[in-house]
Each structure stands twice: as structure tokens, then as C-alpha cells.
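Structure, as C-alpha cells:
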Amino acid sequence: MSFKSVLLASLLLTLSACVVPPLPGQTTQFGSRLSELSASALLNELTRVAALSPEQRRRELAALDNERRLDDAKRFQQAALLEREDSVDAFERSLKSLAMIDDVDPRARTLLDLMKKSLSARIELRQQTARAQELQDKLDQIKALEKTLQQRNTLPKSP
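If you're matching positions, the sequence shown starts at 1 in our numbering and goes up one per residue.
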């Protein structure tokens, strides 16, 4: 070993001794703090997506769909873009994207949970609206049948 490598090793050992240990109960997360999504970043992304025109949203969504691997920020962007679409399939894809996001701070987790609840409620509303329309159509058919039966019964019985 040369003198420089011994000196470097001793300096690194000295510097590593100066590191403050984590508090009890606090887990050490070295790289995750940098990649963690914050609530303000998520809100800014929602605001940005809300300001986009439908064509811009489609272009961004197509670009995200073409990517093979999405990080949490891009998954959230995809979910926000899909949330602005007006179909149950888009809502379900948005829910799946939100479910895959796992590295967020507690405030951002609350925002994600609220978005999931909102999307679930919108899906349920669509399903209930479709069911109500189906029942209304059946009710109209029953009323039409009832009316024809009443007309048939009230026809004059001439010889």
C-alpha cells in the first residue's frame, strides 16, 4: 500500500466517524429522500395538467404510454392526465397508476389517497348512472306496454 492510499483511508474513516447516527425509531433512507414525491410537487403537477388543452394532454399521455419504465413522478403525471379523460377505462388506468406509486411523503400519500377515492367515486357514479338509465329504459318499456294493453281493453266491442 502506498502512503496516499493509507492517508485517504484514514481520512475517510475519520470523516465517517463524524456522521450523526439516526434517531431511535427513525429508519435510514439514503437515496429515497431525493426520489420521494412531495405534496407540493403533486399539486403543482395537477395544476399544470388542469391548464393543458385536451390535445396537449393526449400528446403527453401518448408520450408516457410509449415509455417502458415509469418512475413515480411520471406515474403520477400519467394518472393526472388520465383523470382528465372522460371514460371509465381511463379512470381505472389512473387508479392502477396511483396504486403503483409507493415512495411519497405522508402529505403526498394523503393526496394520493384522496385522488384514489375521487376516481373510485367517479367510476361508481358512472356505473350507477348507466344502471339508472337502463332501469329508466325498462320502465319506459313497461309504461308503453301498459298503455297498449289499456288501449286494447278499451276498444269498443262492436258486433
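Using N, Cα and C, we set each Cβ at its ideal position, and we do this for glycine too.
From a predicted model like this one, the values you see are computed outputs, not experimental measurements.
Practice prompt. Report yes or no: do the region 81-96 and the region 59-70 share at least 3 C-beta pairs separated by less than 8 Å?
Written response: yes
Practice prompt. Pair every Cβ in the region 67-77 with every Cβ in the region 35-45, then say whether three or more of these pairs are closer than 8 Å.
Written response: yes
Worksheet entry | The alpha helix (DSSP H) enclosing S97, as first and last residue numbers | V88 to A99
Worksheet item: If you check the beta carbons only, do L98 and K116 fall under 8 Å apart?
Response: yes
Worksheet item: In this structure, does DSSP put L70 in helix, strand or coil?
Response: coil
Fill in: Under the three-state DSSP convention, the category S82 falls into
For clarity, residue 82 is Leu in the given sequence; the question names Ser instead. If DSSP states are grouped into helix, strand and coil, L82 belongs with the helices.
Item to complete: List the residues that DSSP assigns as beta-bridge partners of V104.
Response: L37
Item to complete: Let me know the secondary structure DSSP gives T148 once reduced to three states.
Response: helix
Worksheet item: Does R84 have its Cβ less than 8 Å from a Cβ in chain B?
Response: The chain labelled as chain B is not found in the depicted structure, where only one protein chain is given.
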